[in-house]
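Using numbering that gives the first Met the number 0, you'd call the opening residue of the sequence shown number 0 and step up by one each time. A virtual CB, placed ideally from N, CA and C, is assigned to each residue, including glycine. Here's the structure, in structure tokens; my notes come after.
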Amino acid sequence: MMANATPITLDGNLNDWAPGDRIDRGLGTGYAIYARSDGADFAFAMTAPTAIGANTTAWLNTDRNAATGHQVFGFAGGAEYNVNFAADGTVSLYSGAAGETLVASGLKAAWSADRMTVEFRVPKVAIGTPQAIDTIYDVNDTAFLPGNYSSTPFTVFNDTGLVADPAHRVAIVWSETTANAYFSKTAYSQLFMAAQSRAMQAGVPFDVLNESDLTSLATLAKYDTIIFPSFRNVDAGKADLIAQTLEQATRQFGIGLVAAGEFMTNGADNAALAGDSYSRMKLLFDATRVTGGFPADVTLKASDAAHLVLDGYDEGQVIRQYNGIGWNAFTSVSGTGTTIATETVNGQTYAAALATQTGGRNVLFSSEAVMADDNLLQKAIDYSVHGNGLSVGLQMTRQSGLFASRVDMDQSQEAAEVNPANNAPGIYDKLMPILTEWKTAYNFVGSYYVNIGNDPANGQSTDWAVSLPYYKALLDMGNELGSHSYTHPENTNLLTDAQIASEFGQSRAELEKQLSAYLGKAVTVGGAAVPGAPEQIATSQEILKYVTYLSGGYSGVGAGYPNAIGYMTPQNAADDKVYIAPNTSFDFSLIEFQKKTVAEASAAWAKEFSALTSGADAPVVVWPWHDYGPTMWTSDGTVSPYAKQMFTDFIARAAGAGLEFVTLADLATRVSAFQDATITSAVAGNTITATVGATTGTFSLDIDGQASGQVIRNVAGWYAYDADTVFLPRTGGTYAITMGAVADDVTHITALPMRATLETLSGDGRDLAFTVEGEGKVTVDLKAPGTDWTTVTGATIASQIGEILTIDLGAIGVHAVRIGHQANVGPAITSFGGGTTGMLSIAENGTALTTIAATDANIALGDSIRYSIATGGDGANFSIDATTGVLKFATAPDFETPTDANRDNIYAVTVVATDTRGAVDTQILSIGVTDIVGITRTGTIFAETMNGTGEQDVLDGSWGNDVLNGLGGNDRLIGGLGNDTLNGGAGNDTLIGGTGRDTLAGGDGNDILTGGDDQDVMTGGAGADIFRFEAKGDSPASSLRDVINDFTVGQDKIDLSMIDANSSIFARGDQSFNLIGMGARFTAPEQLRYSYQMIGGREYTVVEGNTDTGSAADFSIALLGHHFLSANDFFM
């Protein structure tokens, strides 16, 4: 009951009156009437634009029967009592005419200072303590309220002793009178179920009421909102009582009303009710009809710019275009209603949906189609129950919606198609791999309805040995099996009751018997799908006797109403028999009946999907198709008009929209659980506290009306939620949900698998334990672990990216999962016995050292080890593989040229093992480098090839035309006799050609090359090389002179210091040469000159020396190329 916190104080001031206490529904400027039950009295207040004085009367119809009591002006009121104002200012209670028979004098009253407002009390006992009073007024015998006494009076209600149920719940009214007068009782039933499905989407559990329930205030007081899918027709004898009860319910308990079309305007015979047939609409909805007609093209648009009701719809958005339909237009009587949708007809725009407030929040749609064809009713229910601002609703899924796939297995009774001759693959050999593919890719499941067949002679029967393995495979994937009848009759409306019993009762019994025997356990097959033509309500009711739920013919715009999911009748609700109509087209209808192409059919499905999901919260899509569709199966050798891809694409569309794939049995169970569910909530600031009764473990609490950018910050003591949804366990509970900018850093589940039942959950914000029945993956947002590691039992870790953990439950079953943490244990280096130091020794010239190894106790939890080298010491000389721990010298050490800090060939390096949490272990290694002694070898008289080592080698070719390769190290190579080839290789080498025509190549390093006797060819290679000549005969002044191929001015040197520049016996000692320039003439000994000569087509710089007083050169050397020489290029 609507509570009044404090009594009314009679002081001529209206401050203690609530807006809901005003009963006049809107009067002329300056007038207002307030009234309410206030303890032992009825309290009244009246305002007027003038002083209220003598002969003002309030007429009280206490039995609410206008035909009894005093008739004001001889025709109105039916007042048992009146309150009259005397000239002396006293206010008294009378019966009969105004001031005629005194009942109680001197009623308590008070005026404002200007006497334009008056308050007064009437003791309840003085007027018989009525449950309600209809009132009319005259002010000073000059103003009459309402202006027309024949119109609806103003009503004040007494306390009832009833207490409103705190749970959020709506009532959906089945009007048998309207159903009987409707154009089709089947369509009325579809409309009735459409309202139920919209209540589910709005997240508010519902009850189903009959017309008789509408006269019980105790019944109506349980609900937040009462929904009338269509209530045009009513028993004329009950119309006023129903209207009065509804008025009291709305006024006293703030109950909202939602309806479509004309409301309580016509009787059971379809004739308009006597008097103003729209008076009940005016009373309860503050609305009346202004026009309408048939047929017309109607454009329906959203016009709720403030999103009072139609949250999610843009202003001016076209909702639907109708062609050739009947239509109504309504308007707010008081003018205070808000148009939330418009309809444009022939260029004129009218209100298609009105939001008004006569007690609770109301929404009136201009027609049943406007209410049901799109997602407007869901918005209306949400608004009527919750208003605006933060609220919470109960949803049947944790995802964005539900997707139930109904598969009619028409070919299941065709023996030759299930098991063709010659071991050819049958239709289900093609279907099963497709279903496996969809299950793997999308976690898709569905319901498969089979026929049995009873005509073996004509090939219509079931070979259970063949079919049962297919059926088991379907069940093992999480699908459902149901009955599609025994023989697939084409029109069930033509069947007798006995035939229906056979088709559905016997088929169910046979299926259950065969499956139970094959699977070795009791199997229930409770669901059925109607074959053939759409069935009428009488047929549905007969079939429902034999099944737990029924899926019938398609119901949608133009063929009933979309989303006909729920209970067909109040009796079905009492028996808990759910009906599920497909709300998308059958594949057969699109392809074979309407002759659409695959592309056109796909587009039609996409359009239907958009209409069902656009603007909807938790929509339910029911998709019907046949076994021969995706298999592209034909029995006559023709090409199938279907394509597998059109089915795959539609499943992918649903998956992409975040819908949960369920069986129809699962959907029916959720519908039943939703109707039985309870939810209460209270909002304080940014916190919603909601209490929910038991559900199926697949439900959720959905937050609505939160401020922009807000998400669930935390749920006290509960750890399963995402940004705006709390995941509920089977048992329900109480949840304090606080909204904020970001979620608190606590370990909590953020996603559960489709169809998984959450049984239990406990946690402390860090560790978490839960039990789930189902299959698939669970996503958990972990509390920042710091250096700890996450542990999981009862499931396997599929991935962990930062703090987002994904675990795989495995196969279908019950899974008890625990998520904990374990302190990090640092790595331990095990190399060299695991000590803090280690020693090893290697020979010079190599880089390979050892492999550092380490262990870590957290490796199994995802830890890893990386290796590195600490700075300092001799670390710069080393490299280590971060993953394998392979340690190497960066450059091979040379014993003769150590690079360690102490230059003693003992290198100190610290190796480091680091885990992913940053913990480290170190080990200091002392690495000694040992010397490798080179070889000394002398050849024989034969031609030989001798190779040195990487060290300092001495190779002497002796006799023969030898090849000497020094390789690495600072080698000494001696050609000896013969025409030898000397290759120094790496290192600073000394090459001595000896006798014969030798070829000398220094290679890398700073080499010394001495050709010796005879004509030699020398190449210094890289480095600063010295070309040494020890005697004039080493390079004579002729064509037999030595050749230097790669002399580099400024880097290489020609060493003539061992040749005496003055051969005279009178010149004592070893004289040096002087460079006299290019092309100069010799005039004395000790002179050097150079010139340029072309020899064999190549230019040479020829150096010549003179050691006597003659003018001819005594020796010469040819430098390949054109060089400008100076004294700095010689040792003279």
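- 3 or more residues per run - each beta strand (DSSP E) lying fully within the region 293-331: 317-331
- Query: Which partner residues of Lys887 appear in the DSSP bridge assignment?
  - Reply: Locating residue 887 in the sequence shown gives position 888, counting from the first residue. Lys887 pairs with Ala847 and Ser878.
- Environment of Ala17 [buried if 16+ CB atoms lie within 10 Å]: Residue 17 sits at position 18 when you count from the first residue of the sequence shown. Result: exposed.
- Which residues mark the beginning and the end of the alpha helix (DSSP H) in which Val932 is found? Along the sequence shown, read from residue 1 onward, the residue named residue 932 stands at position 933. Taken as a continuous stretch (DSSP letters only), Val932 belongs to no alpha helix (DSSP H), as it is neither H nor E.
- Message: Short of 7 Å in beta carbon distance, which residues of its chain neighbour Ala528, apart from the five on each side in sequence? Order them along the chain.
- Response: For this step, residue 528 is matched to residue 529 along the sequence shown. Cβ within range, chain order: Arg405, Asp407, Tyr448, Gly481, His483 and Ser550.
- Whole angstroms is fine: what's the gap from Asn457's alpha carbon to Pro629's? Position 458 of the sequence shown, counted from the start, is the residue given in the question as residue 457. Position 630 of the sequence shown, counted from the start, is the residue given in the question as residue 629. Using only the alpha carbons, I get a separation of about 26 Å.
- Message: By the DSSP assignment, the beta strand (DSSP E) with Ile800 in it spans what residues?
- Response: In the sequence shown, residue 800 corresponds to position 801, counting from 1. Residues Thr795 to Ile800.
- Task: Examine the Cβ distances between the region 555-563 and the region 179-193 and report whether three or more of them are shorter than 8 Å.
- Result: Contact between the region 555-563 and the region 179-193 is established, with three or more Cβ pairs separated by less than 8 Å.
- For Asp303, which option in Phe1081, Ala340 and Pro468 has the closest C-alpha, if you only look at C-alpha atoms? As a working mapping, residue 303 is identified with position 304 in the sequence shown. Checking every option, the nearest Cα to that of Asp303 belongs to Ala340.
- Task: For Tyr30, verify whether its CB is less than 8 Å away from any heavy atom of the ligand FAD.
- Result: The ligand FAD is not among the ligands present in this structure, which contains no ligands whatsoever.
- Based on the DSSP output, what are the partners of Val919 in its beta bridges? Translated into positions along the sequence shown, residue 919 becomes position 920. Bridge partners of Val919: Thr913.
- Message: Considering Cα atoms alone, identify which of Thr214, Tyr277 and Ala258 is closest to Gln247.
- Response: As a first step, residue 247 is located in the sequence shown; it is residue number 248 there, counting from the start. Among Thr214, Tyr277 and Ala258, the Cα nearest to that of Gln247 is on Thr214.
- Message: Once the 5 residues before and after Ala2 are set aside, which same chain residues still bring their CB inside 6 Å of it?
- Response: Translated into the one-based positions of the sequence shown, residue 2 becomes position 3. With a pLDDT of 43 at Ala2, under the threshold of 50, the modelled position of this residue cannot be trusted; read the value that follows with caution. Correct list: empty, nothing qualifies.
- Task: Report buried or exposed for Asp763, applying the criterion of at least 16 other Cβ atoms within 10 angstroms of its Cβ.
- Result: Counted from its first residue, the sequence shown places residue 763 at position 764. Its Cβ having fewer than 16 others within 10 Å, Asp763 is exposed.
- Is Met1 helix, strand or coil by DSSP? The residue labelled residue 1 in the question sits at position 2 within the sequence shown. With a pLDDT of 44 at Met1, under the threshold of 50, the predicted position of this residue should be treated as unreliable, and no value is reported.
- Task: Inspect the CB distances between the region 802-821 and the region 833-851 and report whether three or more fall short of 8 Å.
- Result: no
- Task: Compare the Cα-Cα distances from Asn1044 to each of Ala108, Ala768, Gly1001 and Ala57 and report the closest residue.
- Result: Within the sequence shown, numbered from 1, the residue matching residue 1044 stands at position 1045. Nearest C-alpha to Asn1044: Gly1001.
- Message: So, under 8 Å CB-CB, Leu9 and Glu99 are touching, yes? Tell me the CB distance rounded to an integer number of Å.
- Response: Within the sequence shown, residue 9 is the residue found at index 10, counting from 1. Within the sequence shown, residue 99 is the residue found at index 100, counting from 1. In fact, because the Cβ distance is near 25 Å, the residues do not count as touching under 8 Å.
- Leu888 to Met838 span [Cα, whole Å]: For the purposes of this step, residue 888 is taken as residue 889 along the sequence shown, with counting starting at 1. For the purposes of this step, residue 838 is taken as residue 839 along the sequence shown, with counting starting at 1. Sequence check: residue 888 is Phe here, not Leu. Cα to Cα, the separation comes out at about 15 Å.
- Message: Just to check my reading of the structure: Ala350 and Thr330 have Cβ atoms closer than 8 Å, yes? What is that Cβ distance to the nearest angstrom?
- Response: Translated into positions along the sequence shown, residue 350 becomes position 351. Translated into positions along the sequence shown, residue 330 becomes position 331. Rounded, the Cβ-Cβ distance is 6 Å, consistent with contact.
- Query: Tell me, which residues are paired with Val449 by DSSP?
  - Reply: Taking the sequence shown and counting its residues from 1, one reaches residue 449 at position 450. The partner list for Val449 (beta bridge, DSSP) reads Met408 and Ser482.
- Query: Which partner residues of Ser680 appear in the DSSP bridge assignment?
  - Reply: The sequence position of residue 680 within the sequence shown is 681, counting from 1. BP columns for Ser680 point to Ala689.
- Item | Candidates Ala654, Ile226, Thr737 and Ala273, of which the one nearest Ser680 by Cα | Taking the first residue of the sequence shown as 1, we reach residue 680 at position 681. The residue with the shortest Cα to Cα distance from Ser680 is Thr737.
- Going by the CB atoms, is the gap between Asp616 and Asp381 shorter than 9 Å? For the purposes of this step, residue 381 is identified with residue 382 of the sequence shown, where counting begins at 1. For the purposes of this step, residue 616 is identified with residue 617 of the sequence shown, where counting begins at 1. Yes. Within cutoff.
- Message: Can you find the residues in the same chain that come closer than 6 Å, C-beta to C-beta, to Leu434, ignoring five residues on each side of it along the sequence?
- Response: The sequence position of residue 434 within the sequence shown is 435, counting from 1. Taken in chain order, the list of residues that qualify is empty.
- Per-residue burial, Ala86 [other beta carbons within 10 Å of its own, 16 or more giving buried]: Within the sequence shown, the letter at position 87 stands for residue 86. Burial call: exposed.
- Count the other CB atoms, across all protein chains shown, that sit within 10 Å of the CB of Arg120; report buried if there are 16 or more and exposed otherwise. Counting from one through the sequence shown, the residue named residue 120 turns up at place 121. Flag for Arg120 reads buried.
- State the Cα-Cα distance for the pair Asp496 and Glu541, rounded to the nearest angstrom. For the purposes of this step, residue 496 is identified with residue 497 of the sequence shown, where counting begins at 1. For the purposes of this step, residue 541 is identified with residue 542 of the sequence shown, where counting begins at 1. Cα-Cα distance, rounded: 7 Å.
- Just the Cα atoms here: how many angstroms apart are Ala1021 and Gly801? Position 1022 of the sequence shown, counted from the first residue, corresponds to residue 1021. Position 802 of the sequence shown, counted from the first residue, corresponds to residue 801. In a straight line, the C-alpha of Ala1021 is about 55 Å away from that of Gly801.
- Message: DSSP three-state label for His69, please.
- Response: In the sequence shown, residue 69 corresponds to position 70, counting from 1. Strand at His69.
- Message: For the alpha helix (DSSP H) containing Ala340, name the first residue and the last one.
- Response: Residue 340 sits at position 341 when you count from the first residue of the sequence shown. Boundaries for Ala340: no alpha helix (DSSP H) harbours it, while the beta strand (DSSP E) harbouring it runs Thr337 to Val344, taken from the DSSP string.
- Query: Should Ala271 be labelled buried (16 or more other beta-carbon atoms within 10 Å of its own) or exposed?
  - Reply: Numbered from 1 along the sequence shown, position 272 holds the residue referred to as residue 271. Exposed, because fewer than 16 other Cβ atoms sit within 10 Å of the Cβ of Ala271.
- Query: In three-state DSSP terms, what is Leu966?
  - Reply: Working through the sequence shown from its first residue, we reach residue 966 at position 967. Here Leu966 sits in coil by DSSP.
- Could you tell me the distance, in whole angstroms, from the CA atom of Arg712 to the CA atom of Thr724? Position 713 of the sequence shown, counted from the first residue, corresponds to residue 712. Position 725 of the sequence shown, counted from the first residue, corresponds to residue 724. Spanning the two alpha carbons is a distance of roughly 11 Å.
- Task: Please go through the region 693-748 and give each complete beta strand (DSSP E) segment of 3 or more residues, from N-terminal end onward.
- Result: 699-703, 710-714, 724-726 and 732-739
- Message: Tell me the DSSP secondary structure of Met395 in three-state form.
- Response: Mapped onto the sequence shown, residue 395 falls at position 396. Here DSSP, grouped into helix, strand and coil, assigns Met395 to coil.
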